[in-house]
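Residue numbers for the sequence shown follow the UniProt record's numbering, so the first one is 1 and each next one is one higher. Glycine included, each C-beta is placed from N, C-alpha and C at the ideal position.
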Amino acid sequence: MPFVVVSGLSGSGKSTVLRTLEDAGFFITDNLPPELWGAMHDLVEARGLDRVAISTDARTRHFLDALETSYVRLSRRREDLRVLFLEANADVLLKRYNFTRREHPLGENLMLDFARERELLAPLRAIADTVIDTTDLSAKDLGNRVMQLFRLEQDFHLRLMSFGFKNAPPRDVDMILDVRSLPNPYYDPALRPRTGLDAEVAAYAFAGAESEAFYTELRDFVRVAAERARASGRHGYTVGIGCTGGQHRSVAVTTRLAQDLRDLNVDVMDHRDMKVGGHG
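Rendered as structure tokens:
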């Protein structure tokens with residue numbers, strides 16, 4: 001995996017690139033002077049980190065006189081050193097700045113700042129392996145371009161949590177599903193003290209054609225929702241599955257979903273109320 005240097009004009013999308021790389025598992029250091037590139041390389045190598053990206057731009061202008069020497073030294077040690085430079089036309093940069101109301105690092109007149117910045121960063125652009133003009137790119141488009149450039153896969157996880165409505169639904173989920181219409185093992189004295197992890201409890205909850213049909217529709221709905229979230233560029237989607245007490249039905253459904261949807265990288269976050277006990 002390459003050691004990546006990200007640079008470019010202010011407002012051209014560096015933050016988007018760094019977030020994309022960070023979501024893909026890169027260790028990120030922003031605003032690093034070139035003289036420290038070698039030290040950072042040694043540090044991350046000693047820690048065994050193989051996905052590293054650093055950012056150097058106009059904010060480090062007082063240290064750019066060491067750019068050429070630092071680049072040559074690092075490129076000798078890393079054959080996979082990659083430099084990505086971002087740019088956009090002045091009109092688009094102006095619109096982006098007016099939208100965010102941020103101050104340009106050079107801090108004078110924006111249009112003059114853009115021109116001065118291009119000149120200041122010309123040496124970084126000259127050594128870049130890849131230059132991306134983001135004038136007509138959305139943040140999502142830029143993120144996708146970076147994923148393709150470095151041959152990265154979208155790291156997506158479907159997260160599941162069981163809970164009991166009597167203890168209040170969780171607030172930190174994307175969707176809540178109610179499975180209280182399934183047969184309730186709580187009313188079987190032999191099953192009451194057990195949980196939805198037990199095969200007999202699960203069999204009770206899914207007994208009958210109606211219960212199976214309900215589960216099938218629920219499973220397919222969760223798949224569609226998760227796949228749409230992934231297609232939109234999200235890296236995770238969280239579903240809460242609730243029954244009355246969080247002990248039986250919600251646990252059984254969550255466990256079965258985790259198995260049936262394992263291709264979506266399922267994480268069972270928690271059976272939140274399973275130890276509390278309750279009414280199924």
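The beta carbons of residue 256 and residue 215 sit closer together than 9 Å.
Annotated three-state conformation of residue 268 is strand, per DSSP. In the DSSP assignment, residue 79 falls outside any alpha helix (DSSP H), carrying neither H nor E.
Residue 92 is bridged by DSSP to nothing; it lacks a bridge partner.
Where residue 55 is concerned, the enclosing beta strand (DSSP E) starts and stops at 52-55.
DSSP places residue 177 in the uninterrupted beta strand (DSSP E) bounded by 175-178. Restricting attention to 207, 241, 233, the CA atom closest to the CA of residue 221 is found in 241.
Going by DSSP, residue 161 is part of the beta strand (DSSP E) stretching over 157-164.
Membership of residue 133 in the beta strand (DSSP E) is indicated by the continuous run 130-133. For residue 255, there is no enclosing beta strand (DSSP E); the enclosing alpha helix (DSSP H) has its first and last residue at 249-260. The Cβ-Cβ distance between residue 233 and residue 97 does not fall below 9 Å. Per DSSP, residue 196 lies in no alpha helix (DSSP H) and is assigned neither H nor E.
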